[in-house]
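The structure appears right after this line, and notes come after that.
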Amino acid sequence: MFPSIAAEFRIRHPEIQLEIVFGNEKFNLIENKFDLGIRIMKPIRGQRCEVLLPNPIVAVASPSYLEKVGTPAHISELRNHPVLFVDEQANVRVPGIKKKLAELSADRAVRSNDGSFLCETIAQGSPGILFRSVWDVEKLLESGKLKRVFPDLSLNSETAICALFPSRENPPRRVVRFVEFLKSRIL
């Protein structure tokens, strides 16, 4: 999604150059002279942070896994299934049962700090139920490679995709234009 948004922005605004640096580490925006950071984080109050997209978490599994073992009808049944999630989501609370994701099952099956890796692992038929950001599994759901397990359940991760500005000062107009464009394409 992001490459197509960046390409469209450059077509519409050829006078604005983009330098996009990806990484799991949190760069110091001021020290590294970045105009903007896009992070999955707990939103902070103030002018430095703008929420671009909420980050609800859903439960998914491969259709082949669900055909083999059956689809759980209630979240309490997850104790009988391998449960996968990225470590940052271990403390996300599950409504109705007063547990955290890390407490749903003793079997983590596969552990990784890379959500895309976990999505692909489950989509390839690996046993288990994955809790992942809805926008991260959207295309795999549309393609039929993954299936929602509890369609009415959406967990609040308390995080969002945020635009983070390096200071409280007004950002340059080019940065504002990019953030406005980004918001118009992802909402």
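Residue numbering for the sequence shown follows the working numbering, beginning at 5 and increasing consecutively.
Glycine is no exception: its CB is placed at the ideal position from the N, C-alpha and C atoms.
Just to confirm my understanding: we take Arg189, look at its own chain, exclude 5 residues before and 5 after, and list those with CB closer than 6 Å. What are they? Ile9
Tell me the DSSP secondary structure of Glu29 in three-state form. coil
Is the beta carbon of Ala65 less than 8 Å from the beta carbon of Leu144? no
State buried or exposed for Arg132, treating a residue as buried only when at least 16 other CB atoms are found within 10 Å of its CB. Arg is not the amino acid found at residue 132; the sequence shown has Gly there. Flag for Gly132 reads buried.
Does the ligand NAP have a heavy atom nearer than 7 Å to the CB of Lys37? Looking for the ligand NAP in the displayed structure turns up nothing, as the structure carries no ligands at all.
Evaluate Asp140 with the Cβ neighbour count: other Cβ atoms within 10 Å of its Cβ, from every protein chain shown; 16 or more gives buried, anything less gives exposed. buried
By the three-class DSSP mapping on this structure, what secondary structure does Ser188 have? helix
Can the beta-carbon of Thr163 be found closer than 8 Å to that of Ile44? yes
Below 8 Å on the Cβ atoms is my guess for Gln93 versus Phe135; work out the distance and round it to an integer in Å. 6 Å
So, under 8 Å CB-CB, Phe38 and Pro170 are touching, yes? Tell me the CB distance rounded to an integer number of Å. 6 Å
In whole angstroms, what is the alpha-carbon distance linking Arg97 and Leu159? 7 Å
Can you give the Cα-Cα distance for Arg16 and Leu186, rounded to whole angstroms? 13 Å
Using 10 angstroms around the beta-carbon of Gly129, count the other beta-carbons present and answer buried if the total reaches 16, otherwise exposed. exposed
What are the partner residues of Met45, as DSSP defines its beta bridges? Ala164
Can you pull the DSSP bridge partners for Ile133? Val87
Taking the alpha helix (DSSP H) that Ile61 belongs to, which residues open and close that run? Segment Cys53 to Ala65 is the beta strand (DSSP E) holding Ile61; no alpha helix (DSSP H) there.
Leaving out five residues before and five after Cys166 in sequence, what residues of the same chain have Cβ atoms less than 7 Å from its Cβ? Arg43, Met45, Pro47, Cys53, Glu54, Val55 and Leu56
For Asn36 and Pro155, the rounded distance between their alpha carbons: 42 Å
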